[in-house]
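S.K.: Under the working numbering, the first residue of the sequence shown is numbered 70, with each subsequent residue one higher.
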Amino acid sequence: MAHARRLRRLGSDRRTRQRLWRRAAPRLLTRAEAARLRTLYAHDKLFRATVDMGRHRYGAGEYRYFREPYPEPIACLKEALYPRLLPIARDWWASSAGATRGRTASLTG
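(1) Here's the rule I'm using: 16 or more other beta-carbon atoms within 10 Å means buried, otherwise exposed. How should glycine 178 be labelled?
(2) Using C-beta distances below 6 Å, list every residue in its chain close to arginine 121, excluding the 5 sequence neighbours before and after it, in chain order.
(3) Go to aspartate 121, then tell me how far its beta strand (DSSP E) extends in each direction, as first and last residue.
(4) Taking all protein chains shown into account, decide if histidine 112 is buried (16 or more other Cβ within 10 angstroms of its Cβ) or exposed.
(5) For leucine 98, which residues of its own chain have a beta-carbon under 7 Å away from its beta-carbon, when the five flanking residues on both sides are left out?
(6) Taking its Cβ as the centre, do 16 or more other Cβ atoms sit within 10 Å of histidine 125, making it buried, or is it exposed?
(7) Using three-state DSSP, classify arginine 133 as helix, strand or coil.
(8) With DSSP collapsed to three states, give me the class of glutamate 148.
(9) How about alanine 118 and tyrosine 139: are their beta carbons less than 9 Å apart?
Structure (structure tokens):
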């Protein structure tokens with residue numbers, strides 16, 4: 070699958086984690102894949118929750134959580150990325166940004 074190849078190029082070493090920490094991740098979706106995912110936003114039945122940012126004083130806009138089963142490529146990326154992101158999340162929680170909140174044990178679910 071194309072997503073698996075893109076993720077293999079991403080790597081899993083310390084330098085890769087540092088790049089991700091700085092939000093310098095490579096493109097994991099093609100423009101066509103991203104465009105297709107954007108079209109799903111209008112289909113309420115695909116989402117389990119919608120968060121209004123303004124209501125929570127986080128700025129303007131909203132975001133949505135997909136309902137399972139997740140659409141491709143979301144399912145593939147979620148399964149492949151969570152193990153790679155866990156060390157980054159643990160580093161973040163251990164930093165001053167997360168020190169007062171505890172430590173992340175898992176990113177599953």
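Glycine residues also receive a C-beta, built at the ideal position from the N, C-alpha and C atoms. A quick note: this is a predicted structure, and the numbers were derived from the prediction, not measured.
M.R.: A quick look at the data gives this:
(1) Reliability fails at glycine 178, whose pLDDT of 45 lies under 50, so the model's placement of it is uncertain and no value is given.
(2) In the sequence as presented, arginine is not what sits at residue 121; that position holds aspartate. Once the five neighbours on either side are set aside, the close Cβ partners of aspartate 121 are Glu131.
(3) 116–121
(4) exposed
(5) Pro142
(6) exposed
(7) strand
(8) helix
(9) no
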